[in-house]
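J.: Each residue of the sequence shown is one higher than the last, beginning at 1 in the UniProt record's numbering.
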Amino acid sequence: MFRKILIANRGEIAVRIIRTCREMQVRTIAIYTEADRGSLHVQLADEAVKCVSRAGYLDMDWIIQTALTMGVQAIHPGYGFLAENPLFAEKTLQAGLIFIGPDARIMTLMGDKAKARETMAAAGFPVVPGGSGIVRSAEETLPIARALGYPVLIKAVAGGGGRGMRLVLEEDQLFQSLESASSEANACFGNSDVYLEKYLEGCRHVEIQILADNYGQVVTLGERDCSIQRRHQKLIEESPSPALTAQLRDRMSKVSRDAVKAVAYRGAGTLEYLLDKDLNFYFMEMNTRIQVEHTVTELICGLDLIKEQIRIAAGEPLGYEQSDIRLTGWVMECRINAEDPVTFLPAPGKIDVYRPPGGFGVRVDSAAYSGYTVTPFYDSLISKLLVYGRTRKGVIARMQRALAEFSIQGVKTTIPFHQRILADSDFQRGEFTTDFIQQKLDSEN
Ligand code: ADP
Numbered sequence: 001m002f003r004k005i006l007i008a009n010r011g012e013i014a015v016r017i018i019r020t021c022r023e024m025q026v027r028t029i030a031i032y033t034e035a036d037r038g039s040l041h042v043q044l045a046d047e048a049v050k051c052v053s054r055a056g057y058l059d060m061d062w063i064i065q066t067a068l069t070m071g072v073q074a075i076h077p078g079y080g081f082l083a084e085n086p087l088f089a090e091k092t093l094q095a096g097l098i099f100i101g102p103d104a105r106i107m108t109l110m111g112d113k114a115k116a117r118e119t120m121a122a123a124g125f126p127v128v129p130g131g132s133g134i135v136r137s138a139e140e141t142l143p144i145a146r147a148l149g150y151p152v153l154i155k156a157v158a159g160g161g162g163r164g165m166r167l168v169l170e171e172d173q174l175f176q177s178l179e180s181a182s183s184e185a186n187a188c189f190g191n192s193d194v195y196l197e198k199y200l201e202g203c204r205h206v207e208i209q210i211l212a213d214n215y216g217q218v219v220t221l222g223e224r225d226c227s228i229q230r231r232h233q234k235l236i237e238e239s240p241s242p243a244l245t246a247q248l249r250d251r252m253s254k255v256s257r258d259a260v261k262a263v264a265y266r267g268a269g270t271l272e273y274l275l276d277k278d279l280n281f282y283f284m285e286m287n288t289r290i291q292v293e294h295t296v297t298e299l300i301c302g303l304d305l306i307k308e309q310i311r312i313a314a315g316e317p318l319g320y321e322q323s324d325i326r327l328t329g330w331v332m333e334c335r336i337n338a339e340d341p342v343t344f345l346p347a348p349g350k351i352d353v354y355r356p357p358g359g360f361g362v363r364v365d366s367a368a369y370s371g372y373t374v375t376p377f378y379d380s381l382i383s384k385l386l387v388y389g390r391t392r393k394g395v396i397a398r399m400q401r402a403l404a405e406f407s408i409q410g411v412k413t414t415i416p417f418h419q420r421i422l423a424d425s426d427f428q429r430g431e432f433t434t435d436f437i438q439q440k441l442d443s444e445n
């Protein structure tokens, strides 16, 4: 096992990784920028090194040099920043260090959504219908869009966080959307390539968590329903999905294990699917990192996914198989962001009072505390509030109790938004698709 790990990240996920490392008796090196000098991850790590370059958490060479100077054996990238950057994985390896994640080859493949789709389709897996490959001009796009039929979705091959994506309802919006998707993709990812997918209406976002070791053992840990989204960004996640039967779960899990084996994946990963109302599912993309919502799965299966990632990277076998995995109860997560609960505009600032909820069945993952300042430079996630229990109904009541107990003063948060969703009768019945929030907003106006 590693003696020391550098965490190339910040905020709640850095804290999350430090906690597991401490339990594993692995020492941690945190890195931080000037804006983050008050962050909890800096205080909790065994040692912390300040980054003065403008690139901050994206400065690959500085991070690797720091890792070498500090004598670590491995780097954990968390999520975001360099977590899905194959060049960083490669550079880490070349420096004689271990990257806690899959190899650069698979990150390159899955990092290009168009290629990932084609690979999965070629291997016989169900994918969202779409045009094969990148569209470069209006002339190229038009026949593909017509063949798919409107609405279509223009997506950035390098996309993430819902950026570089445009819904096209009618043909006269096509070219303008192509332009704007492409330029947003260029601005966000330095890659303007886009491709087309059929926009599947009235679907749920259901994703399957997998773990794969170096010795061919692959397990799935059930699903997460992440349909409650705003502008393609997840806000509430739960497991199990209210839409899945045991048979469908088994089928989606089996397809996911087969897909992972087909591409010789190693580490923790997630296969994202759209599930239509007739319960057909279509592969959307694979995320080759630990995801924000991995915590939902941890509470459903009882495994520490960060620990599993570290063990796999250190070359340990999983040590269990699919029949050993038990999924019990119900789990729900609300992402509490420092945002206006109506406009969703970021609301950075100083948190005067931070008093998280507690009690039976409650977990809070956060890097915040009273006196902490949410900076405008990074994402606006303050806390992940999770509750678990035996039934969905009980979990909703517990989440409502926990949200009411959560006191964050000084910055605006999305807590009131979550309270509205939790009180909604369709949500309570488990009846929702990815359009849910938009539909509710439309019906209110
Ligand atoms: P990102 O990586 O930017 O998050 P994804 O490909 O994961 O992008 O898609 C984000 C969300 O956008 C999905 O959860 C879903 O709600 C919606 N979406 C993506 N592709 C489609 C599609 N073809 N049809 C309908 N909705 C889609």
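Here a beta-carbon is modelled for each residue, glycine too, at the ideal position from N, C-alpha and C.
Does DSSP put Ile63 in a helix, in a strand, or in coil?
T.: It is helical.
J.: Taking all protein chains shown into account, do 16 or more other C-beta atoms lie within 10 angstroms of the C-beta of Met1, making it buried, or fewer, making it exposed?
T.: Met1 should be labelled exposed.
J.: Closer than 7 Å by C-beta to Leu297: which residues in its own chain qualify, once you throw out the five before and the five after it? Chain order, please.
T.: It should be pointed out that residue 297 corresponds to Thr in this sequence rather than to Leu. Closer than 7 Å at Cβ, skipping near neighbours: Gln209, Leu221, Gly222, Arg224, Ser239 and Leu305.
J.: Between residue 531 and the ligand ADP, is there a pair consisting of the residue's CB and a ligand heavy atom that are separated by less than 8 Å?
T.: The structure shown does not extend to residue 531, since the chain is modelled only from 1 to 445, so the question has no answer here.
J.: Taking just the CA atoms, how far does Pro416 sit from Phe125?
T.: Looking at the two C-alpha atoms, the distance is approximately 40 Å.
J.: Taking DSSP as the reference, what is the three-state secondary structure of Gly130?
T.: Strand.
J.: Report the three-state DSSP secondary structure of Gly111 (helix, strand or coil).
T.: Gly111: helix per DSSP, three-state reduction.
J.: With a threshold of 7 Å on Cβ separation, who are the neighbours of Ile106 within its own chain once the five nearest residues in sequence on each side are excluded?
T.: These residues qualify, in order along the chain: Val263, Tyr265 and Thr288.
J.: Count the other C-beta atoms from every protein chain shown that fall within 10 angstroms of the C-beta of Phe99, then say buried if there are 16 or more, exposed otherwise.
T.: Phe99 should be labelled buried.
J.: Relative to the C-alpha of Lys234, which candidate in Cys21, Arg10, Ala8 and Ile437 has its C-alpha closest?
T.: Checked all of Cys21, Arg10, Ala8 and Ile437; the closest Cα to Lys234 is Ile437.
J.: Any C-beta of chain D sitting closer than 9 Å to the C-beta of Thr295?
T.: Within the model displayed, chain D is absent; a lone protein chain is all it includes.
J.: Considering only C-alpha positions, which residue in the set Pro129, Leu97 and Gly133 is nearest to Asp112?
T.: When each option's Cα is compared against that of Asp112, the closest is Gly133.
J.: Less than 8 Å separating the Cβ of Val194 from some heavy atom of the ligand ADP?
T.: Result no, Cβ not under 8 Å from the ligand ADP.
J.: Can the beta-carbon of Glu308 be found less than 9 Å from the beta-carbon of Ala259?
T.: No, the pair does not count as a contact, with Cβ atoms beyond the cut-off.
J.: Could you tell me the distance, in whole angstroms, from the CA atom of Val127 to the CA atom of Val72?
T.: One C-alpha to the other measures close to 40 Å.
J.: Does any heavy atom of the ligand ADP sit closer than 8 Å to the C-beta of Met284?
T.: Because some heavy atom of the ligand ADP lies under 8 Å away, the Cβ of Met284 counts as near it: yes.
J.: Between Gln65, Glu207, Cys188 and Gln409, which has its C-alpha nearest Phe283's C-alpha?
T.: Out of Gln65, Glu207, Cys188 and Gln409, Glu207 has the C-alpha closest to the C-alpha of Phe283.
J.: If you run the structure through DSSP and keep just helix, strand and coil, what is Phe360?
T.: Note: Phe360 maps to coil in three-state DSSP.
J.: Go to Asp225, then tell me how far its beta strand (DSSP E) extends in each direction, as first and last residue.
T.: Run containing Asp225: Val218 to Arg230, per the beta strand (DSSP E) assignment.
J.: In terms of residue numbering, what span does the alpha helix (DSSP H) encompassing Arg311 cover?
T.: Note, Arg311: alpha helix (DSSP H), Leu305 to Ala313.
J.: Nearest to Val353 by alpha carbon, out of Ser366, Gly371 and Phe360?
T.: Cα-wise, what sits closest to Val353 is Gly371.
J.: In the DSSP output, what is Phe283 paired with across the bridge?
T.: In the DSSP output, where bridge partners are listed per residue, Phe283 has Val127 and Tyr273.
J.: Please tell me whether, using a cut-off of 8 Å, the distance from the CB of Val128 to the nearest non-hydrogen atom of the ligand ADP is below it.
T.: It does: the Cβ of Val128 is within 8 Å (strictly closer) of some heavy atom of the ligand ADP.
J.: Do three or more CB pairs link the region 335-348 to the region 43-50 at distances below 8 Å?
T.: As far as the Cβ criterion goes, the region 335-348 does not touch the region 43-50, which means the pair count is below three.
J.: Contact check, Ile29 vs Val49 under 8 Å by CB: the rounded distance?
T.: Correct: roughly 6 Å between the Cβ atoms.
J.: Rounded to a whole number of angstroms, what is the C-alpha to C-alpha distance between Glu170 and Thr433?
T.: One C-alpha to the other measures close to 22 Å.
J.: Would the beta-carbon of Glu272 fall within 9 Å of that of Glu333?
T.: Contact: no.
J.: Terminal residues of the continuous alpha helix (DSSP H) containing Gly11?
T.: Start and end: Gly11 to Glu23.
J.: Which two residues bound the contiguous beta strand (DSSP E) that contains Val238?
T.: In the sequence as presented, Val is not what sits at residue 238; that position holds Glu. Gln233 to Ser239 is the extent of the beta strand (DSSP E) around Glu238.
J.: Would you give the residue range spanned by the beta strand (DSSP E) that Val387 belongs to?
T.: Where Val387 is concerned, the enclosing beta strand (DSSP E) stretches over Leu381 to Gly389.
J.: So the alpha helix (DSSP H) Gly190 belongs to, where does it begin and stop?
T.: No alpha helix (DSSP H) holds Gly190; DSSP gives it neither H nor E.
J.: With distances taken between CB atoms, is the gap from Asp59 to Cys51 smaller than 9 Å?
T.: Yes, these two residues count as a Cβ contact at 9 Å.
J.: Given this structure, state the Cα-to-Cα distance separating Asn280 from Asn85, to the nearest angstrom.
T.: Distance between the alpha carbons of Asn280 and Asn85: 32 Å.
J.: If distances are taken between C-alpha atoms only, which option among Arg363, Asp426 and Val374 comes closest to Met399?
T.: The shortest C-alpha separation from Met399 is found at Arg363.
J.: Do you know offhand how far Leu167's Cα is from Ser177's?
T.: Near 8 Å, if we compare the C-alpha coordinates of Ser177 and Leu167.
J.: Using the three-state DSSP reduction, which class does residue 446 fall into: helix, strand or coil?
T.: The question about residue 446 has no answer here: the residues shown for the chain are numbered 1 through 445.
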